[in-house]
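Worksheet: one structure, shown below.
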Amino acid sequence: MEERDLRQLIGQVKAGHLSRRSFVQMMVGLGLTAPMAGQLLASAGVAQAQTKTAPYKPTKRGGGGQLKTLWWQGATLLNPHFATGTKDQDGSRIFYEPLASWDPDGNLSPNLAAEIPTVQNGGVSKDGRSVTWKLKKGVVWHDGKPFTADDCVFTAEWVADPATASRNINTYKDLKVEKIDSHTIKVTFKKPTPFWADAFVGVGGMVLPKHAFEAYKGDKSREAPANLKPIGTGPYKYVDFKPGDMVRGELFSGYHMPNRPFFDTIEMKGGGDAVSAARAVIQTGEFDYAWNMQVEDEILKRLEQGGKGKADIVSGGNIEHIQINFTDPNKDVDGERSSLKAPHPFLTDPAVRQALNLLVDRASVQEQIYGRTGIATANFLNQPARYASKATKYEFNVEKASQILEAAGWKKGSDGIRAKDGKRLKMLYQTSINAPRQKTQAIVKQAAAKAGIEMELKSVTASVFFSSDVANPDTYAHFSTDIQMFTTTMTQPDPELFMLQFTSWEAASKDNKWQGRNITRWRSEEYDKLFRSAESELDPVKRAALFIKMNELVIQNVVVIPVVFRPRVAAVATTLRMEQSGWDSDFWALHNWYREA
Amino acid sequence: MSKYFIRRLLILIPVLAGISLVLFTILALAPGDPFEELATNPNVPPEVRANLRAQFGLDDPIAVRYVRWFTSMIRGDWGFSFVSRVNVVTLIMQRLPTTIAVIGSAQLLGLLIAIPIGVYSATRPYSLFDQIATTCAFLGFSLPTFFTGLLFILFFSIYLDWLPFIYRADITATGWRWWWEHIRQAIMPVAVLGLAQAASMTRFMRSAVLDVIQLDYVRTARAKGLAERITIVKHVVRNALIPVVTLISLQVPTIFAGALITEQIFRVPGIGSLLISSILANDTPVVMAITFVFSALVVLFSLIADLLYGWLDPRISYR
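Here it is in structure tokens:
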């Protein structure tokens, strides 16, 4: 898809010929995120759709009793900017709010902002260098102090301080936040930034109260009492917190939205495992909501028959994929395996990679292993390829794979394994220990054997595989095998950081202690050029077209083999009314949750 | 006696130091690091992780880290959790009451079942009752707690829908309701642990009573015309309890450590589940504190058991 086609599509949406929703779905199919697609429309002057949540029925605040939620990993701290995982972000989101959140369609929905900035209302500057946020008036913190622009300015400074060591530092370090008046802030970027809705938005955007954190800056940030006893602006205020076990909150009577919240108390219980959490919500009804149901679909379906709850599935940015090593894992160059100086003996041959791509039976993986919780895809970034361009179709065809290999000169030996110039097609395939992954490995191995490729399987404990241990060769970043598989998460709506992982300068190596993000060590001048131009491209449509091209390049060259796209699955009690968003915290619209009798 | 006691106490110091050294080295050698989730998140720059590692002193050599840990531990500073950034002592104290309540009542339940059944079985060896009790006991300790736990959940929570299977330490109700809710949710974990405990204790109690019941003074008591009940309670059980008491005192430390698996199944927020999640998160200070306190308690209570022997049986003397 070219820039011209994109413009045409946007024009169709503008004229009302194409629905907003299907445009977003199309973009997602092309590897863009829903929020980014929403931004495309906004920049073209298509009015931001009103967030279409189901109508909120309660007519008064409170009276809803207890809301019991279950996270099988308990929150360990309640400062969103120190969060080590989604569990901590979700725990914090009960109490804190950002200026705006991402709804399931990728629209911005205001929380502490009075309105969403656009080019039309003058909030977003034409040169892409600044955004002006108007803050909601009359908002108070849980301790009664008013919420003002000072809090936003302070939060940005606090997070951007390297001594604070916040996980969100990337979002805030290159921008300047100024106070215009008590309820207006101006965010200025160092360089033109087409995707401005990052700071103060979503999970990384929660605003901290200046008065509670002022005395705890930089090195002392760890000691702030509010890290464990949050004071926020959210619908529920802090009651009690036991790290790893329980977060409790109660209705905040001064909440800034009318008739909200519905529940009198909220609790977020942690620990245990996903299957029993699903049971507690769907089968016994002990709890109202459970997060991240990494449970086989078969089990979920069986539990759902009781009718007390159901699995709620929504698309997000997780993709289970196989990475191909472009360097030789079996050759030691200066004490480094998979070194950039030693190209892989056979995986650098495009024919072998194409054959591999044809040997991954995605349909069976979806059907037999993941069900509703993993949807076969050919696209690296997102969602099923329903609207994807021709370049990103997937196919399972052992015959064709054999033909490609045969044509490229890989002939079967007496043992049934193909070889060429003395190099045999034998590869080591690693992943982390996780039942669905081992089953997927087996399916791939079987098909590969039919085409004359021998695969040896290896599984590594997740805590080792995903660690950043420099000395351990079994981490995914060291990549000491020929191919490997895991789920990568796109945490940010903007694909720029995500696509950074295929640029040549990011190649993981001994020199950067394997912290480089390009793990496949694939290097392409063309891709680098596209990325460089996307970095500075201001026109959102041109930029989107560049990302789509990058995605196609990665797929066509079979740098990675996407397997299944994994939507977010939650267990929800039948009576609970709520909406999940794949682009934000589970609690992004907690203020709208209520129970229907 | 006091000389012996002081000598034993002095030996404890190098023993505990040795234990802590071994624990620390093993933990330091184990793969992984506490900032694993940051590593897989593309949005977090590597410098943040490096900065955190430096802040928490993870880049220093093991020896330096050990000495730092040991000296501050002696000063009573157990450090703070890398993950939740809470002081380790606070974390442990938050979970200790639940652990003591659940594991303590399980131990108590185990004793209440084991002692009467063990004694009764021993007085009528190979009777029908003894056969049934023995069968149950063998069944009890051959079934692992995670299995009985799941069976209980399936039967009482899912099939009958009587009991909740998620333990919540914070129950907002007050008065009778508070007690009722707490008892209701504690029934299953306590029963699972207590029954497993009772199984082995019953066997132990039975053999101790069998040993004593054949002794001459019991025959004398019976010949004297004492009622059977009095003979058993006053002369047999009392003496048979001596080895059982030491066994119990050696089990006291496990009350602190909690029950790893059972706590995980029922989501009991005890020390066991804290230990498991800390190990999975590579949260060294917490793991060190729990394992060290546990080993200190084991060492201490074995000393107490030794001293109790001498007190219960005057024929044993220490020099």
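As given, the protein sequences belong to chains B and F, one line each in that order. Position 475 of the first sequence, counted from 1, bears residue number 1338 in the working numbering, the numbering being contiguous throughout. Position 82 of the second sequence, counted from 1, bears residue number 93 in the working numbering, the numbering being contiguous throughout. Note that beta-carbon positions come from the ideal geometry of N, C-alpha and C, so glycine has one too. As the structure is a prediction and not an experimental result, all values here were calculated from the model.
>> I need the DSSP call for His246 of chain F, collapsed to helix, strand or coil.
In response: helix
> Any idea what DSSP makes of Phe35 of chain F, helix, strand or coil?
Replying inline: helix
> Hey, how far is the Cα of Ala209 of chain F from the Cα of Asn1242 of chain B?
Replying inline: 58 Å
> Considering only residues of the same chain and omitting the five flanking positions on each side of Lys1263 of chain B, which have a CB-CB separation below 6 Å?
Replying inline: Leu1221
>> Tell me the DSSP secondary structure of Ala1153 of chain B in three-state form.
In response: strand
> Given a threshold of 16 other Cβ atoms within 10 Å of its Cβ, counted over all protein chains shown, does Trp190 of chain F qualify as buried or as exposed?
Replying inline: exposed
> Should the region 1410 to 1418 of chain B be regarded as contacting the region 1388 to 1399 of chain B, the criterion being three or more beta carbon pairs within less than 8 Å?
Replying inline: yes
> Going by the CB atoms, is the gap between Val255 of chain F and Arg312 of chain F shorter than 9 Å?
Replying inline: According to the sequence shown, residue 312 of chain F is Phe rather than Arg. Against a cut-off of 9 Å, the Cβ pair of Val255 of chain F and Phe312 of chain F comes out as no contact.
> By DSSP, does Met1318 of chain B sit in helix, in strand, or in coil?
Replying inline: strand
>> Buried or exposed for Lys1132 of chain B, going by 16 or more other Cβ atoms inside 10 Å?
In response: buried
> Per DSSP, Leu261 of chain F forms a beta bridge with which residues?
Replying inline: In DSSP, Leu261 of chain F forms no bridge with anything.
> Between the region 14 to 31 of chain F and the region 285 to 293 of chain F, do at least 3 Cβ pairs fall closer than 8 Å?
Replying inline: no
> Taking 9 Å as the CB-CB cut-off, is Ala1028 of chain B touching chain F?
Replying inline: yes
> For the region 1102 to 1134 of chain B, which residues have a beta carbon sitting closer than 9 Å to at least one beta carbon of chain F?
Replying inline: Val1102, Asp1103, Lys1105, Pro1106, Gly1107, Asp1108, Met1109, Arg1111, Thr1128, Glu1130, Lys1132, Gly1133, Gly1134
> Which residue comes first and which comes last in the alpha helix (DSSP H) that contains Ala1023 of chain B?
Replying inline: 1012 to 1023
> For Leu869 of chain B and chain F, any beta-carbon pair shorter than 9 Å?
Replying inline: no
> Do Thr1303 of chain B and Val1215 of chain B have their C-beta atoms closer together than 9 Å?
Replying inline: no
> Quick check: the region 1073 to 1080 of chain B against the region 916 to 930 of chain B, are there 3 or more CB pairs under 8 Å?
Replying inline: no
>> Going residue by residue through the region 1064 to 1104 of chain B, where are the continuous alpha helix (DSSP H) segments of at least 4 residues, counting only ones entirely within it?
In response: 1073 to 1076
> Got a sec: does the ligand ZN put a non-hydrogen atom nearer than 8 Å to the Cβ of Val1404 of chain B?
Replying inline: As for the ligand ZN, it is missing from this structure, which has no ligand bound.
>> So, for Tyr1339 of chain B: in the same chain, excluding its five sequence neighbours on each side, which residues have a beta-carbon less than 7 Å away from its beta-carbon?
In response: Phe1328, Phe1329, Gln1347, Phe1349, Ile1382
>> Within 9 Å of any Cβ in chain F, is that where the Cβ of Thr1018 of chain B sits?
In response: no
> Should Gln105 of chain F be labelled buried (16 or more other beta-carbon atoms within 10 Å of its own) or exposed?
Replying inline: buried
> Is Val1102 of chain B closer than 9 Å to Gly1112 of chain B when the C-beta atoms are compared?
Replying inline: yes
> With burial defined as no fewer than 16 other Cβ atoms inside 10 Å of the residue's Cβ, what is the status of Asp294 of chain F: buried or exposed?
Replying inline: buried
>> Check whether chain B comes within 9 Å of Phe152 of chain F, counting only Cβ atoms and requiring the distance to be less than that.
In response: no
> Who are the Cβ neighbours of Gly1172 of chain B in its own chain at under 7 Å, not counting the five residues just before and after it?
Replying inline: Val1144, Ile1145, Gly1148, Ala1434, Val1435, Ala1436, Thr1437
>> Please report the straight-line C-alpha distance between Glu866 of chain B and Tyr170 of chain F, rounded to a whole angstrom.
In response: 59 Å
>> Using C-beta distances below 7 Å, list every residue in its chain close to Ser115 of chain F, excluding the 5 sequence neighbours before and after it, in chain order.
In response: It is worth fixing the name first, because residue 115 of chain F is Gly in this sequence and not Ser. Ile266, listed in sequence order.
> When the Cα of Asn1155 of chain B is compared with those of B:Gly937, B:Ala1452, B:Pro1072, which residue comes out closest?
Replying inline: B:Gly937
>> Run through the DSSP bridge pairs and tell me what Glu1183 of chain B is partnered with.
In response: B:Thr1350, B:Val1427
>> Rounded to whole angstroms, what is the Cα-Cα separation between Asp1191 of chain B and Glu1359 of chain B?
In response: 28 Å
> Does Ile103 of chain F have its Cβ less than 9 Å from a Cβ in chain B?
Replying inline: no
> From B:Ala1075, B:Pro1299, B:Ile1267, pick the residue whose C-alpha is nearest to that of Glu1161 of chain B; which is it?
Replying inline: B:Pro1299
> With a CB to CB cut of under 8 Å and the five nearest residues on each side skipped, what residues in its chain are close to Phe1259 of chain B?
Replying inline: Leu1221, Leu1222, Val1223, Asp1224, Arg1225, Ala1226, Ser1227, Ala1310
>> Strictly below 8 Å CB to CB, what residues from chain F border Ala1143 of chain B?
In response: Phe176, Ile177
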